[in-house]
Amino acid sequence: MFHFLLVVLYARGVVAEDGPLVQTSLGPIRGFYKSSFHGRKFSAFEGIPYAKPPVGDLRFEPPQDASPWNGVLNANKQYMCTQFGSVILAFESTIGTEDCLYLNVYVPKTQISTDDNYDVIVNIHGGSFMFGSGITYAGPRPIMDREIIYVNINYRLGILGFLSTEDNVLPGNIGLKDQQHALKWIQTHIKQFGGNPKSVTLMGASSGGASVHLHYFSPKSKGLFHRGISQSGTALMSWAIQDGAAQKARKLAKILNCEDSNTQTFIKCLKDIPADKLVDQTKWFFHVARFPFAPFGPVVEVESESSFLTKHPYMQLEEGEVNDVPWLTWVTKDEGNLGSIILNINVTNEVETHWDAWAEHLFDYEHVVLETKKHDVSEGIKSFYLQNEQTPKHNSGLFHKAFGDRLSNVGFETAVQMQANVTNSSVYAGIYGYNASVTLGTFFGIVLEGTTHGEENLILHGIEAIQSMFPHIQFSKNDVLMKDTLFDFFTSFASNGKPQCRGVEWKPLTSKSYQYLLINDIDNISMSEIPELSPKGFWESLNLRENKRFSEKLSTL
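Those letters in the sequence shown? Residues -16 to -1, 1 to 541, per mature numbering (1 follows the signal peptide of the UniProt record, and there is no 0), in order.
Okay, structure coming up:
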């Protein structure tokens, strides 16, 4: 729903007047003008190619440099990568185009000058590594009231972006390599738009936040960014690193009659399948409603010339192998409410009957536990959280806690504490608990107390979209103030690496003090020391083959 609303809103806005002209080494680019949330006129350049179209033989291949163009490129077109539909996103068929490696640049003035030296924020959109686009999930209007250059990017998604055979034929992480290629483009060209290539901050929510964090662990991303912001997404969350990737690739090949013992042969066959037909097969990789959360995602690759990630982030944190730049990250206070939203739309009443079979998909451990031990894990979760009640239906608050801990909180807490211990740069951690007038539950007839995963994006990016589509739904003045407060935190951090707003000092974590910023309301923002945010010990006791046990064999756990 939120995705659909933003598509409708941001599809507007192209004006007929002559726009700003920027000269680049690839050719001249003509933009146009837009107005910000509070009415400021700014320059927009939408649909700039940063790589060759990844079609034909370039499908599943690392991105290649965009070719120069003849004449003036009119940058007034929006793109969306081919992606699978979902009930929760208000469309059920495959949409988008395979030729989608474009980015958008927004400049806070109408007269572009290379003498300007604006800080740059690059948004990497979320959507379970499967959905969304640069423009739909994080459009420019709300942030362009500020003195910042804002860039959002597309990258290949789902099967087209994250299929992996776990060998040198298709190592994986194509979507992350797209992101990296876009960052290289920014380093080369952003000066022509008045941006400072030495002051680039990455920003993303959910899988976008995990993507941001993953760039801290890729040696090839070093120097391409100088700060990072991750909202409800880190590299250590259970869904951030894909398990069973080669198994999924062969399953896909079998579904499409491309099955072959030779990896090269079946990948060549998959390259010949129409993109929409290929991506539509995603439906066979969901098992319960829209779970697992991210059936196709990042992997730990074999070594190759194009590799993005060859060692698990947990192991890199243990060894201090991190791109040492400041990091700001948070989770929402009630991350696990998202599970009820998805389940209520689909199959809530069936969870009671199928708990033992479905828990491995709801809590994302299908590929990290031996079949013979899955029952023990599901019963362990029920005993620890639900106190042996049959279902989340009868104990929804504890189910939300279990779901939130597994999908977000444990991976968040582990990541911030480990990174604070091994880097010289500051790590800022927070818990977002503001209750807006409009929630995700509003659109699905579900009343949930608390602040759900991703809910801050409703006020950060969705106020205009929602009110234009549903006049009876109104955000409050306080919601707008909170939007501005959050962007003040982001832009101050992007400027000097220190998030500041409303006189509040956001203190970094240290190895001796785990302090978090609690954002509960405009006049209720404070630091609090929280020694233990989640029951990490319980989840570690389940011996799941991930994070510090990633390299171990299932049979030994």
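C-beta: ideal position from N, C-alpha, C; glycine also.
- Query: With Pro276 and Asn157 assumed to form a contact (beta carbons below 8 Å), what rounded beta-carbon distance in angstroms separates them?
  - Reply: Within the sequence shown, numbered from 1, the residue matching residue 276 stands at position 292. Within the sequence shown, numbered from 1, the residue matching residue 157 stands at position 173. Contact between Pro276 and Asn157 does not hold, since their C-beta atoms are separated by about 18 Å, which reaches or exceeds 8 Å.
- Task: Please go through the same chain and pick out, in chain order, the residues whose beta-carbon is closer than 8 Å to the beta-carbon of Lys267, but skip the five residues on each side of it.
- Result: By one-based count along the sequence shown, residue 267 stands at place 283. Closer than 8 Å at Cβ, skipping near neighbours: Phe68.
- Item | Boundaries (first-last residue) of the beta strand (DSSP E) holding Met221 | Residue mapping note: residue 221 aligns to position 237 of the sequence shown, counting from 1. Here Met221 belongs to no beta strand (DSSP E), and DSSP marks it neither H nor E.
- Task: Report buried or exposed for Pro4, applying the criterion of at least 16 other Cβ atoms within 10 angstroms of its Cβ.
- Result: What you label residue 4 is simply residue 20 of the sequence shown in a count that begins at 1. Pro4 should be labelled buried.
- Among residues of its own chain, excluding the 5 on either side of Ala278, which ones have a beta-carbon nearer than 6 Å to its beta-carbon? Start at 1 with the first residue of the sequence shown, and residue 278 comes out as number 294. If we look at Ala278 and ignore the five residues flanking it on each side, its Cβ neighbours are Ser112, Phe113, Trp223.
- Query: If you compare alpha carbons, which of Gly438, Arg140, Pro92, Gly116 is closest to Cys84?
  - Reply: As a working note, residue 84 is residue 100 in the sequence shown. Closest by C-alpha distance to Cys84, out of Gly438, Arg140, Pro92, Gly116, is Arg140.
- Task: Determine the burial state of Phe454: buried for a count of at least 16 other Cβ atoms within 10 Å of its Cβ, exposed for fewer.
- Result: For the purposes of this step, residue 454 is taken as residue 470 along the sequence shown, with counting starting at 1. So Phe454 ends up on the exposed side.
- Query: What do you reckon, are the CB atoms on His199 and Leu186 nearer than 9 Å?
  - Reply: For the purposes of this step, residue 199 is taken as the residue at position 215 of the sequence shown. For the purposes of this step, residue 186 is taken as the residue at position 202 of the sequence shown. Cβ distance < 9 Å, so His199 and Leu186 count as in contact.
- Task: Work out the CA separation of Leu240 and Arg529 for me, nearest whole Å.
- Result: Along the sequence shown, one-based indexing puts residue 529 at 545. Along the sequence shown, one-based indexing puts residue 240 at 256. Their backbone Cα atoms lie some 30 Å apart in a straight line.
- Item | Distance, Asp151 Cα to Tyr418 Cα | What you label residue 418 is simply residue 434 of the sequence shown in a count that begins at 1. What you label residue 151 is simply residue 167 of the sequence shown in a count that begins at 1. Going from the Cα of Tyr418 to the Cα of Asp151 covers about 45 Å.
- Taking Gly110 and Gly212 to be in contact with their CB atoms under 8 Å, please state how far apart those CB atoms are, rounded to whole angstroms. Taking the first residue of the sequence shown as 1, we reach residue 110 at position 126. Taking the first residue of the sequence shown as 1, we reach residue 212 at position 228. Not confirmed; about 14 Å, so no contact.
- Going straight from the alpha carbon of Asn101 to that of Phe146, what length do you get? Looking up residue 101 in the sequence shown gives position 117. Looking up residue 146 in the sequence shown gives position 162. Looking at the two C-alpha atoms, the distance is approximately 35 Å.
- Please list, in chain order, all residues of the same chain as Asn136 whose beta carbon is under 6 Å from its beta carbon, the five residues on each side excluded. Translated into positions along the sequence shown, residue 136 becomes position 152. In its chain, beyond the 5 residues on either side, Asn88, Asn107, Gly118, Ala122 have a beta carbon closer than 6 Å to the beta carbon of Asn136.
- Task: Go through its chain and collect everything with a Cβ distance to Gln451's Cβ below 7 Å, but skip five positions before and after it.
- Result: Counting from one through the sequence shown, the residue named residue 451 turns up at place 467. Correct list, in chain order: Ile457, Gln458, Phe459.
- Message: Using a Cβ-Cβ cutoff of less than 8 Å, which residues in the same chain neighbour Ile174 once the five nearest sequence positions on both sides are dropped?
- Response: Start at 1 with the first residue of the sequence shown, and residue 174 comes out as number 190. Taken in chain order, the residues that qualify are Val89, Val104, Ile133, Val135, Asn180, Pro181, Val184.
- Query: In the DSSP assignment, what are the bridge partners of Ile158?
  - Reply: In the sequence shown, the residue the question calls residue 158 occupies position 174. Answer is none; Ile158 lacks a bridge partner.
- Message: Quick check: the Cα distance between Phe368 and Glu305, rounded to an integer number of angstroms?
- Response: What you label residue 368 is simply residue 384 of the sequence shown in a count that begins at 1. What you label residue 305 is simply residue 321 of the sequence shown in a count that begins at 1. About 35 Å.
- DSSP beta-bridge partners for Val106? As a first step, residue 106 must be located in the sequence shown, where it is residue number 122. Val135, Leu186.
- With 16 other Cβ atoms within 10 Å as the buried cut-off, status of Ala341: Here residue 341 refers to the residue found at position 357 when the sequence shown is read from its first residue. Exposed, by the Cβ-count rule.
- Please state if the CB of Trp523 and the CB of Ile415 are separated by a distance shorter than 9 Å. Against the sequence shown, residue 415 aligns to sequence position 431. Against the sequence shown, residue 523 aligns to sequence position 539. When the beta-carbon positions are compared, Ile415 and Trp523 stay at least 9 Å from each other.
- Examine the Cβ distances between the region 488 to 495 and the region 398 to 407 and report whether three or more of them are shorter than 8 Å. yes
- 8 Å contact criterion, which Leu154 and Phe44 should meet: CB distance rounded: The residue given as residue 154 occupies position 170 in the sequence shown. The residue given as residue 44 occupies position 60 in the sequence shown. Contact between Leu154 and Phe44 is confirmed by a C-beta separation of about 5 Å, below the 8 Å threshold.
- Starting from the N-terminal side, write out each stretch of the alpha helix (DSSP H) that is 4 residues or longer and does not extend beyond the region 263 to 345. 297 to 302, 321 to 330
- Query: For Ile251, which residues from the same chain have a beta carbon less than 6 Å from its beta carbon, with the 5 sequence-adjacent residues on both sides left out?
  - Reply: If you number the sequence shown from 1, residue 251 lands on position 267. So the qualifying residues of the chain are Val153, Leu154.
- Task: Return the CA-CA distance between Glu363 and Glu350, expressed in angstroms with no decimal places.
- Result: As a working mapping, residue 363 is identified with position 379 in the sequence shown. As a working mapping, residue 350 is identified with position 366 in the sequence shown. In a straight line, the C-alpha of Glu363 is about 15 Å away from that of Glu350.
- Message: Just to confirm before moving on: does the CB-CB distance between Leu208 and Pro38 stay below 9 Å?
- Response: Within the sequence shown, the letter at position 224 stands for residue 208. Within the sequence shown, the letter at position 54 stands for residue 38. No. Outside cutoff.
- Query: On the three-state DSSP scale, how would you describe Pro203?
  - Reply: For the purposes of this step, residue 203 is taken as residue 219 along the sequence shown, with counting starting at 1. Helix at Pro203.
- Cα separation between Pro126 and Glu30? By one-based count along the sequence shown, residue 126 stands at place 142. By one-based count along the sequence shown, residue 30 stands at place 46. The straight-line gap from Cα to Cα measures roughly 16 Å.
- Query: Are three or more beta carbon pairs between the region 497 to 512 and the region 475 to 482 nearer than 8 Å?
  - Reply: With the cut-off at 8 Å, the region 497 to 512 and the region 475 to 482 do not touch.
- What number of angstroms, rounded off, separates the C-alpha of Asp2 from the C-alpha of Thr120? Position 18 of the sequence shown holds residue 2. Position 136 of the sequence shown holds residue 120. If I take the Cα positions, the gap works out to 25 Å.
- Taking Ser195 as part of the beta strand (DSSP E), name the residues at either end of that continuous run. Position 211 of the sequence shown holds residue 195. It is not in any beta strand (DSSP E) - Ser195 instead sits in the alpha helix (DSSP H) that spans 191 to 198.
- Since Ile251 is in the alpha helix (DSSP H), which residue starts that stretch and which ends it? Mapped onto the sequence shown, residue 251 falls at position 267. First-last of the alpha helix (DSSP H) with Ile251: 247 to 255.
- Message: Closest to Lys358 by C-alpha separation, out of Leu526, Ser20, Gln215, would be which residue?
- Response: Taking the sequence shown and counting its residues from 1, one reaches residue 358 at position 374. Of the listed residues, the one whose Cα sits closest to Lys358 is Leu526.
- Taking the CB atoms as reference points, tell me whether Ser195 and Gln215 lie closer together than 9 Å. Counting from 1 along the sequence shown, the entry for residue 195 is found at position 211. Counting from 1 along the sequence shown, the entry for residue 215 is found at position 231. The beta carbons of Ser195 and Gln215 sit no closer together than 9 Å.
- Message: So, with DSSP's three-state summary, where would you put Phe16?
- Response: Here residue 16 refers to the residue found at position 32 of the sequence shown. Three-state result, Phe16: strand.
- Counting along the chain, where does the beta strand (DSSP E) carrying Ile503 start and finish? What you label residue 503 is simply residue 519 of the sequence shown in a count that begins at 1. According to the DSSP assignment, Ile503 belongs to the beta strand (DSSP E) that extends over 499 to 505.
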